[in-house]
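Using the numbering used here, the final residue of the sequence shown is 733, and nothing's skipped along the way.
Positions of the beta carbon are idealized from the N, C-alpha and C atoms, including for glycine.
A short write-up of the structure that comes next.
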Amino acid sequence: MFPLWGGVTDLASDKVAAQIGALRAKGGDVRVSLGGAAGRELALNCASTGGLAAAYGKVIDQYRLARSTSTWAPPSRTPPPTPAAPGHSPAAMPTPVWTWRSPSVMPEGLTQPGVALLAEREERRGIDAVNIMAMDYGPAYGGDMGKYAIQAATATQAQLKGVLGLSDQAAWKAVAVTPMIGVNDVATEVFSVSDATQLVEFAASKGIGRLAMWSAARDKQCAAGAVDHADATCSSVLQQPLAFTKAFSALR
C-alpha cells in the first residue's frame with residue numbers, strides 16, 4: 482500500500498507538503514492527518530498489520546514526523562512506540578510519534594461509535610488524545626457555535642474520564658477542539674471570530690490540550706463579503722485577514 486497525499490498525489494510531489502521545510506525554518510511544524518471526510522484511513526486499505534506499519538512508516542519518514550508536544554498527552558501515560566516498517570527504525574526517531582483521533586461530535590459529546598472505538602482495548606493503548614470536529618451538527622443546531630463547541634468539549638472530557646480512566650486534568654489535556662470557522666457546511670451554523678475568542682477563554686481556563694481550526698486557508702473574507710454557503714477558500718463571513726488565527730493564537 483502506497484499512501485497518497487489527498488488520495489491523489491505522491492508524497493514527494495505534493496505542493497502543500499513542499500512548504501513544510503519553509504514552515505519548520507520559521508519555527509513551526511506539522512502533523513499529518515490520515516483519512517478525512519472524503520478519504521480512507523490506511524488501516525482500511527492495507528491487507529496486513531505489516532503492510533499498515535510500512536505505510537505509516539513511509540509517511541513518517543517522508544515528512545520526518547518526529548516532533549511531539551508531550552503536554553498534549555496525559556502525563557501518566559507512556560508514549561506509544563513508533564510503528565516499525567521495512568527501512569524504518571523506531572530507534573532512529575528522536576522523539577515519539579503521538580496518535581490523535583479526530584472523531585465527529587455533537588454538543589452532547591462523542592457519538593456512540595466514537596465511544597465504542599475508545600472503549601476497545603487495543604485502541605485505548607494507542608490513543609494519546611481526541612480531537613473533536615466541532616462542526617456540521619445538523620439543521621437542529623443553528624445557535625451559538627461557540628457555546629456548542631464548549632458543550633461538546635465538556636461532554637467529551639467526561640467521556641474520556643469514564644472510558645479511559647483519566648484524571649480530570651489529564652482528560653482535559655487529552656481533548657482538542659477543531660471548529661469550522663465561518664459558515665459551516667450546514668449553512669445555518671456560523672462560527673464567528675467572537676465564538677473563537679469565547680472558545681479560547683474556555684480552553685485556557687480548563688487546560689485543554691489543543692485548539693485548531695478548519696482551515697487556515699479559509700481565514701479571510703470572501704471577495705463577495707458575507708455569503709450564505711461554505712467556501713473552501715474563504716470564511717464566508719465579514720472579517721479581517723487572519724482574524725481567526727489571531728484569536729486562536731491567544732491560547733499559549
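Fully contained in the segment 580 to 626 are the following alpha helix (DSSP H) runs of length 4 or more, in chain order: 593 to 600, 602 to 607.
Residue ranges of uninterrupted beta strand (DSSP E) with 3 or more members, entirely inside the segment 655 to 705 and ordered along the chain, are 656 to 660.
Contact between the segment 625 to 645 and the segment 676 to 683 is present: 3 or more CB-CB pairs across the two stretches fall below 8 Å. An exposed status is given to Lys507, since fewer than 16 other beta-carbon atoms sit within 10 Å of its beta-carbon. C-alpha of Ala600 to C-alpha of Gln638: approximately 14 Å in a straight line.
Taking a 10 Å sphere around the C-beta of Val489, we find fewer than 16 other C-beta atoms and assign the residue as exposed. Bridge pairing for Asp491: Leu485 [DSSP]. In this chain, the alpha helix (DSSP H) harbouring Ala503 covers 501 to 506. In the DSSP assignment, Gly538 falls within the unbroken alpha helix (DSSP H) covering 530 to 544. The criterion of a C-beta distance shorter than 8 Å is not satisfied by Glu589 and Met626. Secondary structure at Asp510: coil, using DSSP grouped into helix, strand and coil.
In the structure shown, Asp709 falls within a coil segment according to DSSP collapsed to helix, strand and coil. By the C-beta density criterion, Ala535 is buried, having at least 16 other C-beta atoms within 10 angstroms. Under DSSP, Cys715 takes part in a beta bridge, and its partners are Asp712. Looking from the CA of Ala493, the closest CA among Asn526, Val511, Gln543, Gln721 belongs to Gln543. Between the C-alpha atoms of Val664 and Gly520 there is a straight-line separation of about 22 Å. Here Thr714 is exposed: its Cβ has fewer than 16 other Cβ atoms, across all protein chains shown, within 10 Å. In its chain, beyond the 5 residues on either side, Ala677, Val681, Leu692, Met694 have a beta carbon closer than 7 Å to the beta carbon of Phe729. Within the same chain, Val540, Tyr544, Leu546 come within 7 Å of Val513 by CB-CB distance, once the 5 residues on both sides are set aside.
The C-alpha of Tyr618 is placed about 20 Å away from the C-alpha of Arg699. Sixteen is the threshold: when 16 or more other Cβ atoms of the shown chains lie within 10 Å of the Cβ of Thr659, as they do, the residue is buried. Within the same chain, Cβ atoms closer than 7 Å to the Cβ of Met587 are found at Tyr618, Ala633, the five residues on either side in sequence being excluded.
Ser675 and Ala711 have their C-alpha atoms some 18 Å from each other. Straight across, the Cα-Cα distance linking Ala630 with Gly538 is about 34 Å. Secondary structure note for Ala728: its alpha helix (DSSP H) is the uninterrupted segment 724 to 729.
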